[in-house]
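Enquirer:
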Amino acid sequence: MSDILVTEQSQPGADGSGRPSGRLLEVEDLRVEFRTRDGVAKVINGVTYHVDAGETLAVLGESGSGKSVTAQAVMGILDTPPGFVTGGEVRFHGKDMLTMSAEERRRIRGEGIAMIFQDALSALNPVFTIGFQIAEQFRIRRGLGRAEAKKRAIEMLDQVKIPNAKGRFSNYPHQFSGGMRQRAMIAMSLALDPEVLIADEPTTALDVTVQAQIMDLLAELQRERQMGLILITHDLGVVADVADRIAVMYAGRIVEEADVFELYAKPAHPYTLGLIDSIPRMDERGQQLRTIKGLPPNLMNIPPGCPFNPRCPMAQPVCREKVPPLLQIGSNRASACHFAEELVNRD
Amino acid sequence: MGRYLLRRLLQLVPVFIGTTFLIYWLVWSVPGDPFAGKCGDRRCPDTYINFMTEKYQLDQSIWVQYATYMKNLFQGDFGVTYNNRAVGDIIATAYPNTLKLAVVALAIEAIIGLSAGVLTGLRRNGFLDNLVLVSTLFLIALPVFVIGFILQWLLGVKWGIVDPTVSSEMRFSELLLPGFVLGSASMAYVARVARTSIAENRRADYVRTAIAKGLPMRRVVGVHLLRNSLIPVVTLLGTDLGALMGGAIVTEGIFSINGIGRAVLRAIVTKESATVVSIVVVLVLVYLLMNLLVDLLYAALDPRIRYE
């Protein structure tokens, strides 16, 4: 039933933007800076990625690498000030969202692109019931009556496998457990049957067993609905099972993009290599855990050349002078390292 | 919830007895002769004094007096003044006026204070924000009698926009100015609390969620943001209502409103102990009940608060 509504709401393709790339959501050369009292922090420095229907893109990076800020800029929920988008395009069905009217953009939220957040307890409004917050979308966005909206909201709670959905409808967020809260959050984000779902560290606040359940649920819902899923995480373990492609971010840039198998088998960027190396391994018990030395750069003062060069074990003089662009290597992957070819071709 | 309510109501009993006794004792220990000046220039005749002393048990100990008073009170008898007027009548005449004034003042506080707070909280550091910050500072800093006399003189006397005093009919339009004067300081606090609360919650995660859901901005602000920001404001307004219902000696005096504040002041000056105690007893009760109401309202606004 909800499928019918989507085809009414969104018309892919013909939009007259002159960029018929056929991509569902494309971010191109996005730039964001935070203007603070202490100076300007360049948080996103030319991020390009895309996601298609039915595809899962994992955006991987440490805290502060800009993965969440990119998502907020895409969603149009950046805190402004201090955050400002200073360049680039975010195209949904080929149409740039950054230049469209606020009203047009609002309509895309929830219906075209929806988002779930890391901490469902603070992301849900504490003074309204879970049911109210889901049904609200049917009432406000779809113009449904109270009873019908309630019925649909209970269906949504059922779909995310919340037991006794009918009874839970009138519970408040604080009456839910962490995992159930994130399920409710997912139900809320999927209410309007979005084409793209951005999940910003959806399992970080949960304990490990619940994490797996939530990831399974997300993967299942994504398959059923053929959504494009952007999964933001810092957890390599989380992405391995569900992602089709992985984009690794560092200091506000994509440093490597590849499909999951290639990325794990042959990283084409020293940073990715470092990340994979620092996963604790069962067969190396008793040894010290490997880490990437140093700290991410201060975004108010990014070092010249490759932003990773101060921490890079392979750094050469060229790395301190030239910023390596994100270049295609082989057929289906890209890396922003001067020595990407060497990395991939070594044994 | 039911048990909580019962417990709160039971708590009122010791508080009620304690406060009434305290007031009774205070009035009892104030030095002075209630019959001084009662008979013009001359001293009152002994027969009169003896008669009154016996009638009002003035020669008895405070315990006897208090016990008699409480006994009568529970029978609904507030006692009589030395002029043989029922204290219950005095309260019944004055209290509605005080309530009217209180309601007008509270409405002004809520409407003006809240709107100013919300507007400035959403857009900080603008012209309006600075205007509100400075003017609220004025209202908080100036004593109520200064604001009262200045506005009465300007609006009532110099420009003649309103009547300088309130007639005995207590028309709503007449009460706007006294209501504003009475509520001015609290209105300023309401504006400031609302402003801080809105500004704080504006960046809250759940507001961002509401925006991400594609809700129109007026719903994000008017429903999601406002409901959360109202919690501290309602607490403030609720406690203030209790205070406003206690009468406003200064404001009632300036605008010659025959309210409970003036009645109690008159009773204190003329040493009508029965009147003073009875009025204060009523005020204490009202205040306690208002407090209970605020606590219940608090739970209604914030579902995370549950009483058991």
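Protein chains in written order, with my numbering: chain A, 1 to 347; chain D, 1001 to 1308.
Backbone N, C-alpha and C define an ideal beta-carbon position, used for all residues, glycine too.
(1) Please tell me whether Asp38 (chain A) has its Cβ less than 8 Å away from any Cβ of chain B.
(2) Roughly how many angstroms separate the alpha carbons of Leu190 (chain A) and Lys67 (chain A), rounded to a whole number?
(3) Using 10 angstroms around the beta-carbon of Gly1113 (chain D), count the other beta-carbons present and answer buried if the total reaches 16, otherwise exposed.
(4) Give a yes or no on whether the C-beta atoms belonging to Gln226 (chain A) and Ala53 (chain A) are separated by under 8 Å.
(5) Hey, which unbroken runs of the beta strand (DSSP E) at 3 residues or more fall wholly within the segment 216-288 of chain A?
(6) If the cut is a Cβ gap below 9 Å, which residues of chain D does Glu155 (chain A) touch?
(7) Residues of chain D with a CB under 9 Å from the CB of Met100 (chain A): which are they?
(8) Quick one: Cα of Leu1293 (chain D) to Cα of Thr1098 (chain D), how far?
(9) Can the beta-carbon of Leu1175 (chain D) be found less than 8 Å from the beta-carbon of Leu1101 (chain D)?
(10) Can you tell me the Cβ-Cβ gap for Arg181 (chain A) and Leu218 (chain A), rounded? I've got them flagged as a contact below 8 Å.
(11) Leaving out the 5 sequence neighbours to the left and right, which residues in its chain are closer than 8 Å to Ile279 (chain A) when beta-carbon positions are compared?
(12) Report the partner residues of Tyr49 (chain A) according to the DSSP bridge assignment.
(13) Considering Cα atoms alone, identify which of D:Asn1228, D:Gly1088, D:Ile1049 and D:Gly1040 is closest to Ala1263 (chain D).
(14) First and last residue of the beta strand (DSSP E) that includes Ile116 (chain A)?
(15) Straight-line CA distance for Met75 (chain A) to Val85 (chain A)?
(16) Which of the three DSSP states, helix, strand or coil, is assigned to Glu1252 (chain D)?
(17) Leaving out five residues on either side along the sequence, give the residues of the same chain with a beta carbon under 6 Å from the beta carbon of Thr70 (chain A).
(18) Out of curiosity, what's the CA-to-CA distance linking Leu197 (chain A) and Phe1016 (chain D)?
(19) I'd like to know if the segment 204-217 of chain A and the segment 169-185 of chain A are in contact, where contact means that at least 3 CB-CB pairs between them fall below 8 Å.
(20) Is the distance from the Cβ of Trp1028 (chain D) to the Cβ of Gln1065 (chain D) below 8 Å?
(21) Just to confirm before moving on: does the CB-CB distance between Gly83 (chain A) and Val32 (chain A) stay below 8 Å?
(22) Quick check: what's the CA-CA separation for Ile116 (chain A) versus Ile108 (chain A)?
(23) Starting from Thr1047 (chain D), follow the alpha helix (DSSP H) in both directions and report where the run begins and ends.
(24) Is Leu157 (chain A) near Ala199 (chain A), with beta carbons less than 8 Å apart?
(25) Run through the DSSP bridge pairs and tell me what Ala41 (chain A) is partnered with.
(26) In terms of alpha-carbon separation, which member of A:Leu25, A:Gly167, A:Gly110 and A:Ala114 lies closest to Glu55 (chain A)?
(27) Please classify Arg1007 (chain D) as buried or exposed, where buried requires at least 16 neighbouring CB atoms within 10 angstroms.
(28) Keeping to the same chain, check which residues put their C-beta closer than 7 Å to that of Asp216 (chain A); ignore five residues upstream and five downstream.
(29) In this structure, does DSSP put Val1193 (chain D) in helix, strand or coil?
(30) Do Gly1121 (chain D) and Ile1198 (chain D) come within 8 Å of each other at the CB atom, strictly closer than that value?
(31) Quick one: residues in its chain with C-beta nearer than 7 Å to the C-beta of Ala14 (chain A), no 5 flanking neighbours on either side, listed in chain order?
(32) Hey, would you say Gly1117 (chain D) sits closer than 8 Å to Val1193 (chain D), going by beta carbons?
(33) What residue ranges within the segment 129-198 of chain A form continuous alpha helix (DSSP H) runs of no fewer than 4 residues, ordered along the chain?
(34) Kindly list the residues whose CB is nearer than 7 Å to the CB of Leu1155 (chain D), restricted to its own chain and excluding five residues on each side of it in sequence; keep chain order.
(35) Looking at the strands, I want to know which residues DSSP matches up with Phe92 (chain A).
(36) Strictly below 7 Å CB to CB, what residues from chain A border Pro1303 (chain D)?
Expert: On the basis of the data shown:
(1) The chain inventory of the structure shown lacks chain B, comprising the protein chains A and D.
(2) Position 190 of the first sequence, counted from the start, is the residue given in the question as residue 190 (chain A). Position 67 of the first sequence, counted from the start, is the residue given in the question as residue 67 (chain A). Rounded to the nearest angstrom, the two C-alpha atoms are 22 Å apart.
(3) The count along the second sequence starts at 1 and reaches residue 1113 (chain D) at position 113. It counts as buried.
(4) Counting from one through the first sequence, the residue named residue 226 (chain A) turns up at place 226. Counting from one through the first sequence, the residue named residue 53 (chain A) turns up at place 53. Yes, the Cβ-Cβ distance between Gln226 (chain A) and Ala53 (chain A) is below 8 Å.
(5) 228-233, 245-250 and 253-259
(6) For the purposes of this step, residue 155 (chain A) is taken as the residue at position 155 of the first sequence. Neighbours of Glu155 (chain A) on chain D: none; closest Cβ ~17 Å, over 9 Å.
(7) To locate residue 100 (chain A), count along the first sequence from 1; it is residue 100. Within 9 Å Cβ-Cβ: nothing; Met100 (chain A) doesn't reach chain D, min ~14 Å.
(8) For this step, residue 1293 (chain D) is matched to residue 293 along the second sequence. For this step, residue 1098 (chain D) is matched to residue 98 along the second sequence. So the alpha carbons of these two residues sit roughly 19 Å apart.
(9) Indexing the second sequence from 1 puts residue 1175 (chain D) at position 175. Indexing the second sequence from 1 puts residue 1101 (chain D) at position 101. Yes, the pair counts as a contact, with Cβ atoms nearer than the cut-off.
(10) Here residue 181 (chain A) corresponds to residue number 181 of the first sequence, with the count starting at 1. Here residue 218 (chain A) corresponds to residue number 218 of the first sequence, with the count starting at 1. Actually they do not touch by this definition, with Cβ atoms about 15 Å apart.
(11) Indexing the first sequence from 1 puts residue 279 (chain A) at position 279. Once the five neighbours on either side are set aside, the close Cβ partners of Ile279 (chain A) are Leu236 and Gly237.
(12) For the purposes of this step, residue 49 (chain A) is identified with residue 49 of the first sequence, where counting begins at 1. DSSP, once it has assigned bridges, lists A:Val27 as partnering Tyr49 (chain A).
(13) If you number the second sequence from 1, residue 1263 (chain D) lands on position 263. Of the candidates D:Asn1228, D:Gly1088, D:Ile1049 and D:Gly1040, the one whose C-alpha sits nearest the C-alpha of Ala1263 (chain D) is D:Gly1088.
(14) For this step, residue 116 (chain A) is matched to residue 116 along the first sequence. Note, Ile116 (chain A): beta strand (DSSP E), Ile113 to Ile116.
(15) Counting from one through the first sequence, the residue named residue 75 (chain A) turns up at place 75. Counting from one through the first sequence, the residue named residue 85 (chain A) turns up at place 85. Taking the straight line joining both Cα atoms gives about 12 Å.
(16) Counting from 1 along the second sequence, the entry for residue 1252 (chain D) is found at position 252. The answer is helix: DSSP assigns Glu1252 (chain D) an H, G or I state.
(17) For the purposes of this step, residue 70 (chain A) is taken as the residue at position 70 of the first sequence. Cβ neighbours of Thr70 (chain A) beyond the five flanking positions: Ile44 and Val47.
(18) Translated into the one-based positions of the first sequence, residue 197 (chain A) becomes position 197. Translated into the one-based positions of the second sequence, residue 1016 (chain D) becomes position 16. Spanning the two alpha carbons is a distance of roughly 60 Å.
(19) yes
(20) Your numbering for residue 1028 (chain D) matches position 28 in the second sequence. Your numbering for residue 1065 (chain D) matches position 65 in the second sequence. Cβ atoms of Trp1028 (chain D) and Gln1065 (chain D): closer than 8 Å.
(21) Working through the first sequence from its first residue, we reach residue 83 (chain A) at position 83. Working through the first sequence from its first residue, we reach residue 32 (chain A) at position 32. In this structure, Val32 (chain A) lies closer than 8 Å to Gly83 (chain A) by Cβ.
(22) For the purposes of this step, residue 116 (chain A) is taken as residue 116 along the first sequence, with counting starting at 1. For the purposes of this step, residue 108 (chain A) is taken as residue 108 along the first sequence, with counting starting at 1. So the alpha carbons of these two residues sit roughly 15 Å apart.
(23) Locating residue 1047 (chain D) in the second sequence gives position 47, counting from the first residue. Its alpha helix (DSSP H) spans residues Asp1046 to Lys1055.
(24) By 1-based counting over the first sequence, the position of residue 157 (chain A) is 157. By 1-based counting over the first sequence, the position of residue 199 (chain A) is 199. In this structure, Ala199 (chain A) does not lie closer than 8 Å to Leu157 (chain A) by Cβ.
(25) Taking the first sequence and counting its residues from 1, one reaches residue 41 (chain A) at position 41. In the DSSP output, where bridge partners are listed per residue, Ala41 (chain A) has A:Phe34.
(26) For the purposes of this step, residue 55 (chain A) is identified with residue 55 of the first sequence, where counting begins at 1. Per the Cα distances, A:Leu25.
(27) Looking up residue 1007 (chain D) in the second sequence gives position 7. That one is exposed.
(28) Start at 1 with the first residue of the first sequence, and residue 216 (chain A) comes out as number 216. Same-chain partners within the cutoff: there are none.
(29) Locating residue 1193 (chain D) in the second sequence gives position 193, counting from the first residue. In the structure shown, Val1193 (chain D) sits in a helix (DSSP, three-state: H, G or I).
(30) Position 198 of the second sequence, counted from the first residue, corresponds to residue 1198 (chain D). Position 121 of the second sequence, counted from the first residue, corresponds to residue 1121 (chain D). A contact, by the Cβ cut-off of 8 Å.
(31) Within the first sequence, the letter at position 14 stands for residue 14 (chain A). At Ala14 (chain A) the pLDDT is 40, less than 50, meaning the model places this residue with poor confidence and gives no usable figure here.
(32) To locate residue 1117 (chain D), count along the second sequence from 1; it is residue 117. To locate residue 1193 (chain D), count along the second sequence from 1; it is residue 193. Contact flag set, yes.
(33) 130-142, 146-159, 165-168 and 178-190
(34) Locating residue 1155 (chain D) in the second sequence gives position 155, counting from the first residue. The residues are Ile1161, Val1162 and Leu1177.
(35) The residue labelled residue 92 (chain A) in the question sits at position 92 within the first sequence. Phe92 (chain A) is bridged to A:Leu25 and A:Lys95.
(36) The sequence position of residue 1303 (chain D) within the second sequence is 303, counting from 1. In chain order: Val127 and Tyr172.
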